[in-house]
Structures are given as structure tokens and as C-alpha cells.
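Since the structure comes first, as C-alpha cells, the remarks are kept for the end.
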Amino acid sequence: GARRRIDEPTRLFQDRTTFSEVVELTSRVSTAKVADARRRLGQSFTERDRVDCAIATNMISVGLDIPRLGLMGVLGQPKTAAEYIQATSRVGRDEKRGPGLVVTLLNIHKPRDRSHYERFRHFHATFYRSVEVGSVTPFSARALDRGFAGAILALARHARPELTKPRGVEQIEKVRVPLEQLLKDAVRRRVDQQQLAPDEHAEVVQSVESRVSEILDGWEAIYEEHHSNGVEMQYQKYEQVKGPKPLLHDMLETGLSAEEQLFRVNRSLRDVEPGVNLFVRDLDGTFVEVDE
């Protein structure tokens, strides 16, 4: 408490007599507690329920955008470079607060940790070259289900100035014909880069082009329905104001029409899947009842 940094008028920790409980961001605790821990992490030091220290697994690698986090200790080298980069980028995210500090604690008895220690400076200067190749198969059915709609709308907004603004979503009828051809040409060129077998190439081209038409049909149908009812539209619910209806919806959103389900998009292709029910039977076919 008596120490101060250079040119620091007050001592940051001079009157600090209490330390908050340590919270967890791990799979050992319930989802509700994890959500509460994330909320508390965002509280400033002056708040009563703020957090001074948290322990976490790689759960924090994606989606933890809390500007106040400034110090991280990494226990052992994660299995992948991508995970290491994602996890350690959770600190120092606010340029107004100054840089964050990451302290990596490596285990001398683990050969992989020793390897990273011996080339520590070089690895951190070039670690993006070590990022592992993604496992998603281009143009597979599941990849298209999860990412195609968002990619098509992003491409449309970049390609046609009329569609760029948040309310540009209402201009679909005016640009439908040239837009559809532009989008189909773009995805066909992307398919050509995959060097597929001739029969598979033709099948993939037909699949993605039909999806483009389906997305644009749904876009027009949703706009016509809202327009006939005097309802304004925009692309995303948080993009401009709260009044207009959004075209895009979260992946886990429920109660959507068939057309609206076409426009459920992920914030990341690593987002979780919707929950499913599991019903277990005994060998004689009787359902096993499980307590809630």
C-alpha cells in the first residue's frame, strides 16, 4: 500500500483491506453461477459485488469481452496455439486502461512446456503462424446451415450500396434480380476454388445456388409481410433503434416462422447447438425416469 508508480499522485491499493471471494468460470459450476460470475467480473472496483480474482478453464477463450480485465496467469501451455491466443487476448482489451499483462507458468517436467519456454520470445513474435487449420468442411450441409445465411447477407450489404445501411434491408425488391445473379456468381467462384470432382462440383453448385434463391425468397417474403402491416425493418435488432423488426435472429431464438428460421445466424461458428431431450429406455423398452 505504501508503493506508488512513477508520477502516480495516489496509491491505488493504500486503503484496500478486503479481497473478494474467488469465482469460477469452469464446467464444475452451474450455468447460472457462470453467468453471475461473468456479470460480477464486469463490475468496477467501487461496486460491492466486484471480483478481484477468478479462476477459469478454456471456457473464457471465446466471448468474454470485459474491458476491466488486466492480468492473467496461464498455468501450463494449452494444447493448441489458437486456444492460447484466444484465451490470453481476454485481458488488456481497453486501450484507454493501458496494456494487459499475461504471466505464463510453464511446467519444467513437461517436454512441450519446456519447448515453448526455450523458444518463448520467437513463439510469441510469430504465434499466428502456428494457428491450427479449422476442421469445417467447406460447403458441407452443416457448415451451410450454420454460416451461409450470415455470409450471404454480409456479401449483399457490401456488394449493393442500397442494402448497406441498417434500413437498407427494405430495398430487397428493387435489387433482387441483379443481386441474385451477383451472389450466385460469387459462391460459384468460391466452389471452383475447392477443386472438387466434376460430379461433386455440379452437386455443390446446385446446392448453394438453390440456397441463395431460398434466402432471397425468404427475405422478400418477410419484407412484404412486414411492409403490408406497416412495420419497419432493419438487419439486426441492436443495429440502429429498437423499433424496426430485425431480419437476423440469434441461433437459439425460438418461435420463428419458417422464413425467419432461414435467418438465424451465429455470432461465431463455434456457438453452441440448441439443447435436445434425451429419453433413455431399459432393455425391456421401459422409459427410465430421471429426477430433474
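Sequential numbering from 110 applies to the sequence shown in this note's numbering.
We treat Cβ as the ideally placed atom computed from N, Cα and C, and that holds for glycine.
Predicted, not measured: the structure shown is a model, and the values here were computed from it.
Candidates the options, of which the one nearest residue i by Cα
i    : options                   : result
S322 : D301, E398, K274 and L371 : L371
L134 : T155, R157 and A163       : A163
L210 : R199, N216 and P220       : R199
A295 : V278, V317 and K283       : V317
V300 : V183, L173 and L253       : L253
E279 : S136, S239, Q195 and H336 : H336
L292 : I115, A265 and V143       : A265
A367 : V399, R114 and I331       : I331
Q345 : G384, T246 and G277       : G277
R376 : L387, E362 and G384       : E362
Q242 : E227, Q302, T189 and T166 : One point to set straight first is that residue 242 is Val, not Gln, in the sequence displayed. Of E227, Q302, T189 and T166, the residue nearest in Cα terms is T189.
L150 : R202, N338 and R159       : R159
D161 : R228, Q152 and I169       : Q152
M168 : V399, G185, E156 and R137 : R137
G259 : R238, L173 and H358       : H358
R285 : K274, E329, R298 and T273 : E329
D203 : N386, L178, G185 and E117 : L178
A144 : G185, L173 and F232       : L173
S170 : A191, V374, P270 and F154 : A191
N386 : L392, V399, V374 and D393 : V399
T155 : F128, A165, K351 and Q290 : F128
First through last residue of the alpha helix (DSSP H) which encompasses residue i
i    : result
V143 : T140 to L150
V397 : Per DSSP, V397 belongs to no alpha helix (DSSP H) and is neither H nor E.
Y332 : P307 to S337
R269 : Neither: R269 is in no alpha helix (DSSP H) and is coded neither H nor E.
L292 : I281 to D301
P220 : P220 to E227
I194 : A190 to T197
Exposed unless 16 or more other CB atoms sit within 10 angstroms - verdict on residue i
i    : result
T235 : exposed
L365 : exposed
I281 : buried
V313 : buried
I115 : exposed
E369 : buried
F257 : buried
P287 : exposed
T197 : buried
R320 : buried
Y347 : exposed
A146 : buried
F248 : buried
Y193 : buried
P355 : buried
I217 : exposed
V132 : buried
P353 : buried
Q302 : exposed
L272 : buried
Residue(s) in a DSSP beta bridge with residue i
i    : result
L214 : L184
L134 : A165
H358 : R373
R390 : F396
Q343 : P355
heavy atom of the ligand COA below 6 Å from residue i C-beta
i    : result
M168 : With respect to the ligand COA, the structure shown offers nothing to examine, as it has no ligands at all.
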